[in-house]
Amino acid sequence: MGSDDEYPRALSPQERDLLFWVLPPDRPGYRRYREAVESLEVMGEGRRGSGNNMLAPPGIRIDCESPLPHVIAYGIVEAEDATIAVSVREFLGAQLEFEIMNLSGAAVPKTFTEIRRWSLSDWYPGLVCPICSQKLRETGVASDETRKVVLAICAADKRIWLYDGETGINHLVPVTSFYNELMLHRRIRDPEIALHPERLFADLDRYTDRDLVHAFYNYNRLRMKVRLEMIDPGTTERETSFMKRVLSILSRRTS
Numbered sequence: 134m135g136s137d138d139e140y141p142r143a144l145s146p147q148e149r150d151l152l153f154w155v156l157p158p159d160r161p162g163y164r165r166y167r168e169a170v171e172s173l174e175v176m177g178e179g180r181r182g183s184g185n186n187m188l189a190p191p192g193i194r195i196d197c198e199s200p201l202p203h204v205i206a207y208g209i210v211e212a213e214d215a216t217i218a219v220s221v222r223e224f225l226g227a228q229l230e231f232e233i234m235n236l237s238g239a240a241v242p243k244t245f246t247e248i249r250r251w252s253l254s255d256w257y258p259g260l261v262c263p264i265c266s267q268k269l270r271e272t273g274v275a276s277d278e279t280r281k282v283v284l285a286i287c288a289a290d291k292r293i294w295l296y297d298g299e300t301g302i303n304h305l306v307p308v309t310s311f312y313n314e315l316m317l318h319r320r321i322r323d324p325e326i327a328l329h330p331e332r333l334f335a336d337l338d339r340y341t342d343r344d345l346v347h348a349f350y351n352y353n354r355l356r357m358k359v360r361l362e363m364i365d366p367g368t369t370e371r372e373t374s375f376m377k378r379v380l381s382i383l384s385r386r387t388s
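For the sequence shown, the working numbering gives the first residue as 134, with consecutive numbering after it.
Shown next, in the form of structure tokens:
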């Protein structure tokens, strides 16, 4: 989307506008990311090719080998001839990775007629899903006078995210990883259930808030998204040898 394919290069006006949109200024956790968009240049492409770019200071060697950082912001622009996905990942050292891609696989048009747009970054607890406007299942993970942490699940759109009141950031939570932890906590061994993460949304009413908190707590302990030392939902039973086999099969199916 830049003016040419040479690096380093400045962000295009379209790139800047879309990135600032998914990094709203009223969320303190995005301040560092907005500063990077404001000051850094694109130093190269990421591992996914066109539309996947790296912002970094001069002289930084782009790292495309380390595991991908978590997505920190995500939004969609629906246009007449394109559906444009915008995502920003957490910093990897001084490097910031973002993607602006047309979900059809075609190039992102320089101009387009917008129908609507939505961003997870704009969501607050108590609001409907920004994607489909349906009511969400909200579960309080932690709360005190200065901070609220809420797990949000949209059964209609099949997404999970976590709102951190300390930063204002909504963290996307991978459905499969979360579901694995839920199955371990509930000791569900039936492969027809345990191997099908999509069942979470159809069966959501079967799980208590405490079940969901346990699952997220253990997921967060393994793949930390937020600091949660203020709570301890208790000791969760870890996997039996049977569940190890189940998760091994699931890992092979989803890798």
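Glycine is no exception: its CB is placed at the ideal position from the N, C-alpha and C atoms.
Bridge partners - residue i, DSSP secondary structure assignment
i: Leu-284; result: Thr-272 and Leu-295
i: His-304; result: Leu-295
i: Trp-154; result: Looking at the DSSP assignment, Trp-154 forms no beta bridge with any residue, so it has no partner.
i: Ser-78; result: As displayed, the chain neither begins before 134 nor continues past 388, which places residue 78 out of reach and without an answer.
i: Gly-177; result: Met-187
i: Ala-218; result: Ile-209 and Met-234
i: Arg-142; result: Val-175
i: Leu-229; result: Leu-188
i: Glu-247; result: Ala-212
Cβ-based neighbour list, residue i, same chain, cut-off 7 Å, excluding 5 preceding and 5 following
i: Trp-294; result: Leu-253, Ala-285, Asn-303, His-304, Leu-305 and Val-306
i: Cys-197; result: Gly-179 and Arg-180
i: Arg-332; result: Ile-326
i: Gly-182; result: none
i: Asp-255; result: Pro-157 and Pro-263
i: Ala-169; result: Leu-188 and Leu-229
i: Val-359; result: Val-282, Leu-295, Asp-297, His-304 and Asn-353
CB-CB length for residue i against residue j, believed under 8 Å
i: Tyr-166; j: Leu-156; result: 5 Å
i: Glu-230; j: Met-187; result: 6 Å
i: Tyr-312; j: Pro-330; result: 4 Å
i: Asp-211; j: Arg-249; result: Reading off the sequence shown, one finds Glu at residue 211, where the question assumed Asp. Confirmed, Cβ separation roughly 5 Å.
i: Glu-174; j: Arg-142; result: 6 Å
Spatial distance of residue i from residue j (CA atoms)
i: Gln-147; j: His-347; result: 42 Å
i: Ser-199; j: Gly-298; result: 29 Å
i: Asp-365; j: Phe-245; result: The predicted model places Asp-365 with a pLDDT of 45, which falls under 50 and marks its position as unreliable, so this point remains unresolved.
i: Leu-317; j: Tyr-163; result: 34 Å
i: Tyr-296; j: Arg-194; result: 33 Å
i: Leu-236; j: Thr-272; result: 31 Å
i: Gly-192; j: Glu-171; result: 18 Å
i: Pro-242; j: Asp-342; result: 44 Å
i: Asp-344; j: Gly-259; result: 21 Å
i: Ile-264; j: Asp-290; result: 7 Å
i: Val-282; j: Tyr-257; result: 11 Å
i: Val-274; j: Leu-151; result: 31 Å
i: Leu-315; j: Trp-251; result: 29 Å
i: Glu-232; j: Tyr-207; result: 10 Å
i: Tyr-340; j: Tyr-352; result: 16 Å
i: Met-357; j: Val-221; result: 17 Å
Neighbourhood of residue i by C-beta, 6 Å cutoff - its chain only, sequence neighbours within 5 removed
i: Arg-280; result: Gly-298 and Glu-299
i: Glu-223; result: Pro-202, His-203 and Ile-205
i: Ala-218; result: Ile-209, Met-234 and Leu-236
i: Ala-215; result: Asn-235, Pro-242 and Phe-245
i: Thr-373; result: Caution applies to Thr-373, whose pLDDT of 34 falls short of 50 and renders its modelled position unreliable; the value that the coordinates give is listed next. Excluding positions up to five away in sequence, the list is empty.
i: Cys-287; result: Cys-262 and Leu-269
i: Phe-334; result: Ala-288 and Lys-291
i: Pro-190; result: Ala-227
Beta-carbon proximity list for residue i, same chain, < 8 Å, skipping 5 on both sides
i: Val-261; result: Gln-267, Lys-268 and Leu-269
i: Asp-159; result: Gly-301
i: Leu-225; result: Asp-196, Ser-199 and Pro-202
i: Phe-153; result: Arg-167 and Val-170
Any non-hydrogen atom of the ligand PLP closer than 6 Å to residue i Cβ
i: Val-155; result: Absence of the ligand PLP is noted for the structure shown, with no ligands found whatsoever.
Counted within 10 angstroms of its Cβ, other Cβ atoms place residue i as buried (16 or more) or exposed
i: Ala-239; result: exposed
i: Pro-161; result: exposed
i: Ala-327; result: buried
i: Leu-337; result: exposed
i: Glu-247; result: exposed
i: Gly-184; result: buried
i: Ala-227; result: exposed
i: Leu-355; result: exposed
i: Met-363; result: Reliability of the predicted coordinates at Met-363 is poor, the pLDDT of 43 falling under 50, and the value obtained from them is presented with this limitation in mind. By the 10 Å Cβ count, Met-363 comes out exposed.
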